[in-house]
Structure formats: C-alpha cells, structure tokens
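Please read the structure below before turning to the comments.
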Amino acid sequence: MSPETIEPAPARSWRIPEGAIAYLQAAPLALILGFFFLLPILTIAIVSFWDYDFAGLYPDFLSTNYTDTLGSWVTWKIYLNTLKFTAMVWALTLLIGFWVAYFLAFHIRTTTMQMVLFLVCTVPFLTSNIIRMISWIPVLGRNGLVNSTLIEMGIIPQPIEWLLYSDFAVVLAMVHLNTLFMVTPIFNTLMRIDKSLIEAARDAGATSWQILWNVVIPLAKPGIAIGSIFVVTLVMADFSTVQVMSGGQSASVALMMKNQMSLLQYPAAAANAVVLLIVVLLMVAAILRVVDIRKEL
Numbered sequence: 124m125s126p127e128t129i130e131p132a133p134a135r136s137w138r139i140p141e142g143a144i145a146y147l148q149a150a151p152l153a154l155i156l157g158f159f160f161l162l163p164i165l166t167i168a169i170v171s172f173w174d175y176d177f178a179g180l181y182p183d184f185l186s187t188n189y190t191d192t193l194g195s196w197v198t199w200k201i202y203l204n205t206l207k208f209t210a211m212v213w214a215l216t217l218l219i220g221f222w223v224a225y226f227l228a229f230h231i232r233t234t235t236m237q238m239v240l241f242l243v244c245t246v247p248f249l250t251s252n253i254i255r256m257i258s259w260i261p262v263l264g265r266n267g268l269v270n271s272t273l274i275e276m277g278i279i280p281q282p283i284e285w286l287l288y289s290d291f292a293v294v295l296a297m298v299h300l301n302t303l304f305m306v307t308p309i310f311n312t313l314m315r316i317d318k319s320l321i322e323a324a325r326d327a328g329a330t331s332w333q334i335l336w337n338v339v340i341p342l343a344k345p346g347i348a349i350g351s352i353f354v355v356t357l358v359m360a361d362f363s364t365v366q367v368m369s370g371g372q373s374a375s376v377a378l379m380m381k382n383q384m385s386l387l388q389y390p391a392a393a394a395n396a397v398v399l400l401i402v403v404l405l406m407v408a409a410i411l412r413v414v415d416i417r418k419e420l
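Residues in the sequence shown are numbered consecutively from 124, following our numbering.
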C-alpha cells in the first residue's frame, strides 16, 4: 500500500461527561457561598475554642468558652428573654401581616391598586432601621405624643412610664421593623390561590370563616412559613432595638455578644454565636418540618 492511500486517524474530540456538567454549572455559586458564608462560620467555630485574656487571643482547643456559656444561669435567662421577644414579635407580625396580605389579595379588586397599596407598605423601608426605631421615642416618651394626648383628653392623670424603655417598647419597635417581612411572602402566596376554589366553597354553603380556615390558611402555609423564618432569624439576631428601646433594662443574645466583643472577648462571643446559630437552625428546621415551602419556591 502506497503512502498516499493511508488515511489519517480521526482526531479525538474531548467531551465533558454529562454527569459533571451540573457540577460545573453549580461551581461558581458554590465557591461564592463557600467563601462568603461557610468560611466565616468555620472561622467563628474555630475561634470559639481559643483562649483569651485582656492582652490578646491564643489559638488553642478549649471547651471553656462553651462551658462558661452553657453553665451560666444568666446566659439561660438571656436566651429565654430572647425567645420571649421572638415568640411575641412572631405572633403579632403573623396576625398583622396575614390580615394586611388578605385585605390586599381578596378585597382589592384591581391589580394596579394592589401594587400601589403594597408599595405604600414599603415606604417606611426607604429609611434605615435605626431612624424608624428611634422615631418611636418622641411618640412613647414621658412627654411624648401618646402621653400628652391622653393627659389632655383626661384619660390618665399622669404619664405612663412603661410605654418607653421597657419590653413593650422593644416588642412594638420590632413589630414595626419586621411586619413587612411577613406581609410579602403571605401576599405572594395568597395571590396564587385560584379564586374559583373560594367561589366553589361559597357555593357549597361555607361561611367566610370556614373558607378562611379550611381553604385560605392551608394554602397560605408556605408563605407563612417563609415569613416566619424571616422574622425569627431577624429578631434572634437583633441587638440595637433591644439596647435602645429598653434603655439598657433588657438583654438579648445578640446584645450579649456585642458587649463581649466590645470587651475584646472574641472567643466567648464566638461560642455564643455558634450556640445561637444552632438554636436558630433548630427553629427553622421545626418550621420546615411543619410546612413544605418547596411548593412556594
């Protein structure tokens, strides 16, 4: 056979295995989350085992920070106080947020007006949390708007002291700051409900309360769960509202960590952060066990 008749071997084409394509597509997001989310958490977990004194931090592997945190009745009291704030704010934001979302979804007929009223709800978020929080001080103060109005109307003889710098003020400010995080997912869920289901229930003779309890609320559970996750995580991590609105008379876990960091007790604060993260994750897991939010995503 002559050299001219020899055919060249076909070039081999390199192909990515089909199973690896999905991993390559997810790699950029995984790297971003790993660097900005997992790495800081891992760093906090490592520092929580370090030793420290007034002079600096010393890499070590000690459980002292956790035993001091979990073995102190003051810490348990602060955690219970934080859970109390969380439960009260969650219940109030759920009550207010559900009825606001229900009104927007079922009592406002036009989509344009629904969007306009929903945007009105977001107007306070055009300012910072701090400004919206301290705006309650001239309203609830001893000589504030509420006390002055009640005294002028003759309803009370003297100013009410517990309106400001109390647990009431803390809960009120937190509800004001976090209600929209409950309204938005519930409103989104209610807008997806097929109105024919409600008409069918009404034609079958169901009352308004029966329709609400047996049709609307079950279908709104994914939105309620998402809003609950938002509110719970935000309240558990809030320290500025507790510090300002209680006047230093109450405490939360986040405020305790902030005070520890101001005293350069970073390993102790890191141990508290890890415990708080575990508590929040357990609360979120409990919510997800009750409601499957994959229907909403």
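Each residue gets a CB set at the ideal place from its N, CA and C atoms; glycine is no exception.
Here the structure is a predicted model, which means the values were calculated and not measured.
Residue i to residue j span [Cα, whole Å]
i    : j    : result
T330 : N337 : 10 Å
I334 : A327 : 10 Å
P426 : K200 : Here the chain has residues from 124 to 420 only, and residue 426 is not among them.
Y181 : K381 : 20 Å
P151 : Q388 : 35 Å
E275 : A178 : 57 Å
A143 : F158 : 22 Å
Y189 : S369 : 28 Å
R255 : P261 : 12 Å
F160 : L154 : 10 Å
L218 : L147 : 44 Å
L242 : A210 : 27 Å
V407 : D317 : 28 Å
G277 : W285 : 19 Å
A391 : Q237 : 48 Å
V306 : I231 : 15 Å
S186 : L203 : 23 Å
V412 : A214 : Strictly speaking, residue 412 in this sequence is Arg, with Val absent from that position. Approximately 19 Å between the Cα atoms of the pair.
F229 : G267 : 37 Å
I257 : G194 : 35 Å
T272 : G371 : 27 Å
I401 : V197 : 19 Å
V239 : D176 : 56 Å
T235 : A145 : 40 Å
8 Å Cβ shell around residue i - same chain, five flanking residues per side excluded
i    : result
V212 : V294, M297, V298, N301, V354 and V358
G346 : A224, P308, I309, F310, N311, T312, L313 and E419
V365 : F208, V293, S373, A374, S375, A377 and L378
W259 : L287, A292, L295, A296, H299 and M368
V492 : Residue coverage of the chain in this structure runs from 124 to 420, which leaves residue 492 outside it and unanswerable.
Residues near residue i by beta carbon distance below 6 Å, same chain, minus five either side
i    : result
P282 : R265 and N270
L404 : none
N395 : T192 and M380
D174 : Y181, D183 and L185
L342 : I316
L156 : none
Cutoff 7 Å; reference residue i; Cβ partners in own chain excluding five residues on either side
i    : result
F248 : L303
I253 : S363
T245 : L303
R325 : I334
R417 : none
Which listed residue (the options) has its alpha carbon closest to that of residue i
i    : options                   : result
I349 : G220, L320, L378 and N382 : G220
Y288 : M384, A145, D415 and V367 : V367
L263 : F291, I278, M236 and V246 : F291
I340 : G157, L405 and I321       : I321
I169 : D183, T190 and Y175       : D183
R315 : K344, L206 and D176       : K344
V397 : A409, W259, M238 and F172 : F172
T205 : M384, L399 and L215       : L399
I410 : S385, T356 and Q383       : T356
M121 : I167, R138, A149 and A145 : Look at the range of the chain in this structure, 124 to 420, and you will see that residue 121 is not part of it.
Status (buried if at least 16 other CB within 10 Å, exposed otherwise) for residue i
i    : result
S319 : exposed
W332 : exposed
L422 : In this structure the chain extends from 124 to 420, so residue 422 is not present and cannot be described.
L227 : buried
P140 : exposed
S251 : exposed
M124 : Caution applies to M124, whose pLDDT of 49 falls short of 50 and renders its modelled position unreliable; the model cannot decide the point.
I352 : buried
P280 : exposed
W222 : exposed
A149 : exposed
D361 : buried
T216 : buried
A393 : buried
- [ ] Let me know the alpha helix (DSSP H) ranges lying completely inside the region 373-416, each 4 residues or longer, listed in chain order.
- [x] 376-385 and 389-413
Task: Uninterrupted alpha helix (DSSP H) stretches inside the region 195-280 (no shorter than 4 residues) - done: 196-229, 234-244, 252-257, 260-263 and 268-275
Task: Completely contained alpha helix (DSSP H) runs for the region 306-369, where each covers 4 or more residues - done: 318-326, 331-334, 340-359 and 363-368
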